[in-house]
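For reference, the structure is listed below as structure tokens.
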Amino acid sequence: MSRPQGSPRTPTFAPRSYPQVVKYMGSKASILSFIGDGFATVDHNDKPIVDLFAGAAAISGGFGHINRIISNDIQQYSAVVASTYLKRAEKIGQFDIVELASSIALEKISTLSSDMHYPAETSLESFNEIEKRNRELIYREFDTTHHLFTRFYAGTWWSAEQCIWIDAIREVLDALLSAGKIADADFNFGLTCLMHAMAYTSQGTGHYAQFRDAKDAASMSDINKYRRTSVPAIFSKKFSPLLSWNLSNVVDLGHELVSSDYIDCLTSLPRSVIYADPPYAFVHYSRFYHAMETIVKYDYPALQFKGGQLVKGRYRIDRHQSPFCIKSQVQGAFTSMFEGVKDSNSDLLLSYSNTGMIDIDDLIDLAATIFGSRYMVWFENIDHDHKTMGRRGDHSRQVQESLIIAKKR
Ligand SMILES: C[S@@+](CC[C@H](N)C(=O)[O-])C[C@H]1O[C@@H](n2cnc3c(N)ncnc32)[C@H](O)[C@@H]1O
219 MSRPQGSPRT
229 PTFAPRSYPQ
239 VVKYMGSKAS
249 ILSFIGDGFA
259 TVDHNDKPIV
269 DLFAGAAAIS
279 GGFGHINRII
289 SNDIQQYSAV
299 VASTYLKRAE
309 KIGQFDIVEL
319 ASSIALEKIS
329 TLSSDMHYPA
339 ETSLESFNEI
349 EKRNRELIYR
359 EFDTTHHLFT
369 RFYAGTWWSA
379 EQCIWIDAIR
389 EVLDALLSAG
399 KIADADFNFG
409 LTCLMHAMAY
419 TSQGTGHYAQ
429 FRDAKDAASM
439 SDINKYRRTS
449 VPAIFSKKFS
459 PLLSWNLSNV
469 VDLGHELVSS
479 DYIDCLTSLP
489 RSVIYADPPY
499 AFVHYSRFYH
509 AMETIVKYDY
519 PALQFKGGQL
529 VKGRYRIDRH
539 QSPFCIKSQV
549 QGAFTSMFEG
559 VKDSNSDLLL
569 SYSNTGMIDI
579 DDLIDLAATI
589 FGSRYMVWFE
599 NIDHDHKTMG
609 RRGDHSRQVQ
619 ESLIIAKKR
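Note that our numbering has the sequence shown beginning at 219, numbered continuously upward.
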């Protein structure tokens, strides 16, 4: 099934360049032209593009200037990132967030005992003792409103000092929002910069599934490099260029941010062009990115225990389990997706890979069966370096990305 006649590519659906803010597994940032070519083959006039599994919001970043976007993902952090590409942050530039946070952070850092800090040079044994003392903050009682990261994550992906800064920046954003000095778009913009600072100061490999242990001098030295990286410096470095991008590029086209399960999102849609990029693999995004979800929700979640022990990754107990990552549920999950798209009279562009949880040919057959004769169904392929974030010891693997297109006749 190749592109049917009468569906020419229009050269106008070209993505804009946009700043990426977090490292995200399966990001489509590098194949947006290919996806844009797909959008150009369906009729998108006067219809929103729905990014049903938006993740790090590549669709909003790339196409938010030419089409109304409804950006959805079950993870709330996705809407926060999408907001930075879709909603103007008009007020936050009036405030020096780091300056405001520093009075909170410096005072708290001064109360940490000196043996919690990471010196530039130390022995492996002393380094691991410092790590342990940082991690033990989980058992300490705090009487301040904003201590979630300091308590839950000190000595994991970040040091206690870095966590204090993360909490302090979140506290400043909360205070500005609740005093009405900034709007939701500004708050989301600030949180996006904070998630960026978290990503680039974390000692992990680009996600939060596992933090690394210092096993020898080399790993200690690498971990310590991140331990000693400044959260406020990385936050500030991103803030100004991202804000100028936002203010020069964001166009108010009535975009919407949604944080729902894809089935619920589909039931409330007008006729749309739906872009679906569900997970391909058995690993749950909620495990890899739980710390982003927690900085956004800031809800002091119950953490997962196993055999009476706190799980090393300190995951939220309520993290989402996606049917697209569970072999016995994946076919049913796609069936519900196709039926939901069809019920809303929408067109579908579905990204999937030749390494997915369901065979790509079976998936195309399933789409053709469910959409039936009222739709034309075809697919396009592209070779793509898929980011795996070190999951299989490699950082990227050559996979073939398919775009399955179902267009209403
Ligand atoms: C492959 S990623 C999307 C990447 C995105 N296109 C990008 O370029 O950044 C898949 C996304 O599906 C989301 N997801 C998984 N199950 C979901 C569900 N039941 N409903 C909505 N979103 C879901 C995950 O949170 C994840 O962000």
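Beta carbons: idealized from backbone N, C-alpha and C, even for Gly.
Check	Outcome
Identified DSSP bridge partners for Lys626	Tyr593
Reduced DSSP category for Arg353 - H, G, I as helix; E, B as strand; rest coil	helix
Exposure of Arg358, with buried meaning 16 or more beta-carbon neighbours within 10 Å	exposed
Assigned secondary structure, Ser571 (DSSP; H/G/I helix, E/B strand, else coil)	strand
Nonlocal neighbours in the same chain, by C-beta distance under 6 Å from Arg610, ignoring five residues either side	Unreliable positioning characterises Arg610 in this predicted model, as indicated by a pLDDT of 45, which lies under 50. A coordinate reading is not provided.
Separation of Ile249 from Ser278, as counted between CA atoms	14 Å
Cβ neighbours of Lys265 in the same chain (closer than 7 Å, five flanking residues each side left out)	Arg489, Ser490, Val491
Candidates Tyr593, Glu619, Ser620, of which the one nearest Arg627 by Cα	Tyr593
Identity of the residue in Gln547, Ser620, Lys326, Asn346 nearest Met438 by Cα	Asn346
Beta-carbon proximity of Val559 to Leu484, cut-off 9 Å	yes
Same chain, Cβ closer than 6 Å to Phe231, five either side skipped, listed in chain order	Gly254, Phe257, Ala258
Residue-level contact to chain D via CB, Tyr303, 9 Å cutoff	The chain labelled as chain D is not found in the depicted structure, where only one protein chain is given.
Extent of the continuous beta strand (DSSP E) to which Ser289 belongs	287–290
heavy atom of ligand 1 below 8 Å from His538 C-beta	yes
Asp269 - containing beta strand (DSSP E), residue span	267–269
Assumed close pair Leu394, Ile400 - CB separation to whole angstroms, cut-off 8 Å	4 Å
Sequence-distant residues of the same chain with beta carbon closer than 6 Å to Thr228, five excluded per side	Below a pLDDT of 50, predicted positions are generally treated as unreliable, and Thr228, at 49, falls in that range; the measurement from the model is reported next regardless. Ala258.
Through-space distance from Ile578 to Ala624, alpha-carbon basis	15 Å
Gln539 burial status per 10 Å Cβ neighbour count (16 or more: buried)	exposed
Straight-line Cα distance separating Leu409 from Pro497	24 Å
Test item, CB below 5 Å from any non-hydrogen atom of ligand 1	Tyr242, Gly244, Ser245, Lys246, Phe271, Gly273, Ala274, Ala276, Asp291, Ile292, Gln293, Asp479, Tyr480, Asp495, Pro497, Tyr503, Ser540
Supposed close pair Tyr493, Ile284 - CB separation, criterion 8 Å	Going by Cβ atoms, the distance from Tyr493 to Ile284 rounds to 14 Å, so no, they are not a contact pair.
Which residues DSSP lists as bridging Asn599, in chain order	Ser620
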